[in-house]
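J.: Can you read through this structure? Questions will come right after.
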Amino acid sequence: MGRTLVQKLWDAHTVADLGDDATLLYMDRVFLHERTGSVSLKGLESAGRKVRNPEQVFCTMDHIVDTLPGRGDDTIMPSGKDFITTTRAAANAAGITLFDIGDDRQGIVHVVSAEQGITLPGLTQVCPDSHTCTLGALGALAWGIGSTEGEHALATKTLAVNKPKSMRISFDGELGFGVTAKDMILHLIGAYTAAGGVGHAIEFAGSAIRSLPQENRFTVCNMAVEFAAFTGLIPPDDTTIEYVHGRPYAPTGKTWDAAVDYWRTLQADDDATYDKDISIDCADIVPTVTWGNSPGHTVQIDGAVPDPSNAPDANTQTSWARALEYMDLKPGMPIEGVPIDAAFIGSCTNSRIADLREVVKVVKGRRVAEGVKAIVVPGSSQVKLAAEAEGIDKALVEAGFEWRESGCSMCFYAGGESFGDQERVISSTNRNFENRQGPRTRTHLASPTSVAASALAGKIADVRKLG
Amino acid sequence: MYGSWGKGPVMTLTMQKFTTLSSVAAPIMRVNIDTDAIIPSREMKGVTKDGLSVGMFANWRYTDVDARVENPDFILNKAPFRDAEILLSGENFGCGSSREHAVWALKEWGIRCVIAPSFGTIFFGNCVRNGILPVALPETVVKAFAESAEAGAQTAIFVIDLPSQMVTGPTGDSHDFDIAPADKEMLVEGLDPIGLTLKRDDEILAFRKTDEVKRPWVYL
C-alpha cells in the first residue's frame, strides 16, 4: 500500500519502534523562545543534563520582548526582563544560536526559522510553541510540544511520539478577488469546527494549495493547530525549493543538489489512503471573519452573526450564546459594519513581507478612521528591513498605522501590552479566545487585507468593496 | 519531584505516580476551553513552574483579577469543588497555546485528573508528563458525570483506577477508558522519560551515523 507524506517522514526519522503505535523519532531541529524555551533550558540545567548537538538548536526572543521602538530588555510587564535575561544566559551556557534583541535575524520563531533556512523540507522540528505547525508549509514534520518534552528533545535528540491519524484536505479551484490563504483556513475551521482535526496530521493538497506562494502557505499551516490537528503539511514543490534556495542555513553546492533530489521524493504515493479526506471548492470561499471566541466561530463578510437557536447541537448552542454575550453581538446582525476600536496586523500567521505588500496596496493613499488604533508589527527584523527598503513603513505610517519592532506583540499581551478593556479589535492573528489580546478584549480574526480595510472604515469591512 | 529546581543537579528524576484516585469532581462543562483560559499570559510572571495556581482560570475565578476578588459563582470557589482533584469538561479541553504552565497551575492547585470527550494534543502530552491523568470518555458519559457531580456535591465521589483503566461514577456506573500504553506506564511508574530514552543511546547514535550519510544537509 502506498505511503502518505507523513508516513514517509515518520519512517525516515524512526530510531526505534516502541510498540503500540509509539515511535522514537529523531529530531532534526529544536527551536526555543524566551517564554517556554527558557523553562526547558533551565529544567535541563537543574537536572545536570546537556543539550545534545547544540549546533542544531536555535532560540529567539519574540514572546515577551517589547515591540516598541528603542526597546531593550525591559518590558511593560514587570517581570518580563527575567524571561529575557534567563533565556540569554541559558542559551549562551548551552552553546545554542540565539537571535537576540538587536540581532537582525531576530523575530517570531516560526517566521525566522523559515527565513533563515533552518527549517528545510523533510526535516523534523519541534518547539515548545503550538504554532510550530506553520513550518509544515515547507514539507517539514514540525509540531508544537510542551517545555518538558522540549527538555527531552534537547537532551536526547529524539521524542517518543504516538502516531497521529492521517487526513488529507484538498482545496481546489481558484480563489476569488480579495480572498486569501487566511480565508481558506478560517473557512475550513468554520465548516468543520475547532475540534475537527483532533488526533490527525493533515496533508494539504489540491490546485489552490499548489498555486499559493510560499509565504501564504505558512498562513494555512499555521492554523492547523486551531483545527486541533497534530500538525499540517504541504508537500514540497518548485515553490518550496525556490523559497529555500540561498537562505543562510540552507545547503549549497553539491549538497544542495543532493537535497533537492531527496526533497523531490517527498510526495504521498498515488495509492496512499487517509483516515479522513476533506475537499473544499475555493469558489465557496469569500473573505471570512470570526464573530465569537473560537476560531471555528466564523462568518462570511457578507453574512450575519448566527442565532444560537439555530445551532446544530446543544454544546454549540451554549458556546454560541456565551460568545455572543462576551463579544457583545446580537444574533442576525450583519458582521460587516460592526464598529471597531483597533486593528492589528502581525503574528506568525500573517506578518511576512508578502502580507505587508498586500496591506499597502489596500491602504496607500487612504487614512485609518478617526479613533481607531491601528498597529503593524513585522514578523521578523528581516521583514522589517525589507519593508523599510520598499517604503512600506512610510506608506503605513502615512495612512495612520503604528510601525513597530518585530515580535509576537499584541497577539497575546506579549511584554505586558494589551488592548483596552472591552475594546473590539480586528486582528490578523490566529486566536480569538476570551481575554487573549487584553482584558475582556473582543477579537475578530481576519486576513491582513480585511484588517486593513476595516481600519480604514472604522468598522468591519469587505475588502472587495475597496476595489 | 520531577521538574523541581533545587540548587544542585537533580540526578534521580521521578514524576508523581498515578495509580488510583478518589475525589469529588468539578464540572466546567464548556467546549474548547483553551490554555489561555486555564492560565492567562499575564499570569505567567517568571521563568518558573511554581506559583502558577493563583492565576489558574484567573479571568473566570475572580471578579477583580488584580485584587484577586473571588467570583462566588465559579465552581472551584465553592465547597466541596474547591478541593476537587478531578475536573470534568467539554470537548477539546486544553486547546490552543502549548504553555505547559496550564498543567503546572492545575497540578499545583491539586487537580490530578481531567475527564473530557477530547483534549488538545499538546495539553494531553503535558498532562502525562506531570502526573495528571487525562481521561477521554464519550460526551454522554461526561455529561452524566457532570450531573451527578453537581447533584451529589460532597458525597459524589468518583473513583479512578488507572491500572485497570476504569472510572466509576458516584452512582456506581463504571466506564473503561483508552490510554496509550507508554502514557500509562509513564503515569503509573512515575518514570523519567529522558532517562528511559537515554537507555537507547546506542540506537540514537547508530541512527545518526547512517543518517549523516543519507541526509548530510541536515547536520549543521
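Chains as they are written, first to last, in this note's numbering: chain A, 1 to 467; chain B, 468 to 687. Ideal placement from N, C-alpha and C gives every residue a C-beta, glycine not left out.
Whole angstroms are fine: how far does the CA of residue 260 (chain A) sit from the CA of residue 414 (chain A)?
T.: Rounded to whole angstroms, residue 414 (chain A) to residue 260 (chain A) spans 38 Å at the Cα level.
J.: Name the chain A residues whose beta carbon is nearer than 9 Å to that of residue 585 (chain B)?
T.: Simply 195, 198, 199, 228.
J.: Using DSSP's beta-bridge definition, name the partner residues of residue 40 (chain A).
T.: In the DSSP output, where bridge partners are listed per residue, residue 40 (chain A) has none listed.
J.: If you draw a straight line from the alpha carbon of residue 487 (chain B) to that of residue 626 (chain B), how long is it in whole angstroms?
T.: Their Cα atoms are separated by approximately 7 Å.
J.: Report the neighbours of residue 498 (chain B) on chain A: residues whose CB is nearer than 7 Å to its CB, in chain order.
T.: Correct list: 315, 319.
J.: Would you mind sorting residue 681 (chain B) into buried or exposed? The rule is 16 or more other CB atoms within 10 Å of its CB.
T.: When all chains shown are included, residue 681 (chain B) counts as exposed.
J.: Could you please give me the residues that DSSP links to residue 633 (chain B) through a beta bridge?
T.: Answer is B:628, B:643.
J.: Span of the alpha helix (DSSP H) holding residue 374 (chain A)?
T.: Unbroken run through residue 374 (chain A) is the beta strand (DSSP E), 373 to 376; no alpha helix (DSSP H).
J.: Is the beta carbon of residue 36 (chain A) sitting closer than 8 Å to the one on residue 567 (chain B)?
T.: Contact flag set, yes.
J.: Please state whether the Cβ-Cβ distance between residue 9 (chain A) and residue 141 (chain A) is less than 8 Å.
T.: Cβ distance < 8 Å, so residue 9 (chain A) and residue 141 (chain A) count as in contact.
J.: Would the beta-carbon of residue 203 (chain A) fall within 8 Å of that of residue 168 (chain A)?
T.: Closer than 8 Å, so yes.
J.: Given a cut-off of 8 Å, decide if residue 554 (chain B) and residue 618 (chain B) are closer than it, judged by their beta-carbon atoms.
T.: In this structure, residue 554 (chain B) does not lie closer than 8 Å to residue 618 (chain B) by Cβ.
J.: Compare the C-beta of residue 435 (chain A) with all C-beta atoms of chain B and state if any pair is closer than 8 Å.
T.: Yes, residue 435 (chain A) counts as interfacial toward chain B.
J.: What is the rounded straight-line gap between the Cα of residue 54 (chain A) and the Cα of residue 467 (chain A)?
T.: Straight-line Cα distance between these residues: approximately 50 Å.
J.: Can you have a look at residue 76 (chain A) and say buried or exposed, based on whether 16 or more other CB atoms are within 10 angstroms of its CB?
T.: Answer is exposed; the Cβ neighbour count stays below 16.
J.: Can you tell me which of the three DSSP states residue 559 (chain B) falls into?
T.: Three-state DSSP puts residue 559 (chain B) in coil, outside helix and strand.
J.: Does any CB atom of chain A fall closer than 8 Å to the CB of residue 514 (chain B)?
T.: Yes, its Cβ sits closer than 8 Å to a Cβ of chain A.
J.: Count the C-beta pairs between the segment 590 to 597 of chain B and the segment 641 to 660 of chain B that are closer than 8 Å, then say yes if the count reaches three, no if not.
T.: Segments in contact, yes.
J.: On the criterion of 16 or more Cβ atoms from any shown chain inside 10 Å, does residue 397 (chain A) qualify as buried, or is it exposed?
T.: The residue is exposed, with fewer than 16 neighbouring Cβ atoms inside 10 Å.
J.: To the nearest angstrom, how far is the alpha carbon of residue 97 (chain A) from that of residue 72 (chain A)?
T.: Computed Cα separation, rounded: 19 Å.
J.: Can the beta-carbon of residue 334 (chain A) be found less than 8 Å from the beta-carbon of residue 304 (chain A)?
T.: In contact: residue 334 (chain A) and residue 304 (chain A) (Cβ atoms closer than 8 Å).
J.: Report yes if the CB atom of residue 612 (chain B) is closer than 8 Å to the CB atom of residue 661 (chain B), and no otherwise.
T.: No. Outside cutoff.
J.: Please go through the same chain and pick out, in chain order, the residues whose beta-carbon is closer than 7 Å to the beta-carbon of residue 468 (chain B), but skip the five residues on each side of it.
T.: Reliability fails at residue 468 (chain B), whose pLDDT of 29 lies under 50, so the model's placement of it is uncertain and no value is given.
J.: In the structure shown, what three-state DSSP assignment does residue 63 (chain A) receive?
T.: DSSP places residue 63 (chain A) in coil when its eight states are reduced to three.
J.: Could you spell out where the alpha helix (DSSP H) holding residue 529 (chain B) opens and where it closes?
T.: Residue 529 (chain B) -> not in any alpha helix (DSSP H); beta strand (DSSP E) instead, spanning 529 to 531.
J.: Indicate whether at least one CB of chain A lies closer than 8 Å to the CB of residue 580 (chain B).
T.: No, residue 580 (chain B) does not count as interfacial toward chain A.
J.: Kindly give me the distance between the Cβ atoms of residue 134 (chain A) and residue 218 (chain A), rounded to whole angstroms, as I take these residues to be in contact under 8 Å.
T.: Contact flag correct, Cβ pair sits at about 5 Å.
J.: Buried or exposed for residue 435 (chain A), please, with buried defined as at least 16 other CB atoms from any protein chain shown within 10 angstroms of its CB.
T.: By the 10 Å Cβ count, residue 435 (chain A) comes out buried.
J.: What's the C-alpha gap between residue 40 (chain A) and residue 151 (chain A)?
T.: Spanning the two alpha carbons is a distance of roughly 5 Å.
J.: Any beta carbon of chain A sitting closer than 8 Å to that of residue 684 (chain B)?
T.: Closer than 8 Å: yes.
J.: Quick one: which chain D residues come within Cβ less than 8 Å of residue 493 (chain B)?
T.: No chain D appears in the structure shown, which is made up of the protein chains A and B.
J.: Assuming residue 42 (chain A) and residue 86 (chain A) make a contact with CB atoms under 8 Å, what is their CB distance in whole Å?
T.: Yes, they are in contact, since the Cβ atoms of residue 42 (chain A) and residue 86 (chain A) sit about 7 Å apart, within 8 Å.
J.: Quick one: using the 10 Å Cβ neighbour count with 16 as the cut-off for buried, is residue 327 (chain A) buried or exposed?
T.: Per the 10 Å Cβ criterion, buried.
J.: With DSSP collapsed to three states, give me the class of residue 162 (chain A).
T.: Strand at residue 162 (chain A).
J.: Compare the C-beta of residue 589 (chain B) with all C-beta atoms of chain A and state if any pair is closer than 8 Å.
T.: Yes - at least one Cβ of chain A is within 8 Å of the one on residue 589 (chain B).
J.: Going by CA-CA distance only, name the one from A:235, A:38, A:107, A:84 that's closest to residue 121 (chain A).
T.: Per the Cα distances, A:235.
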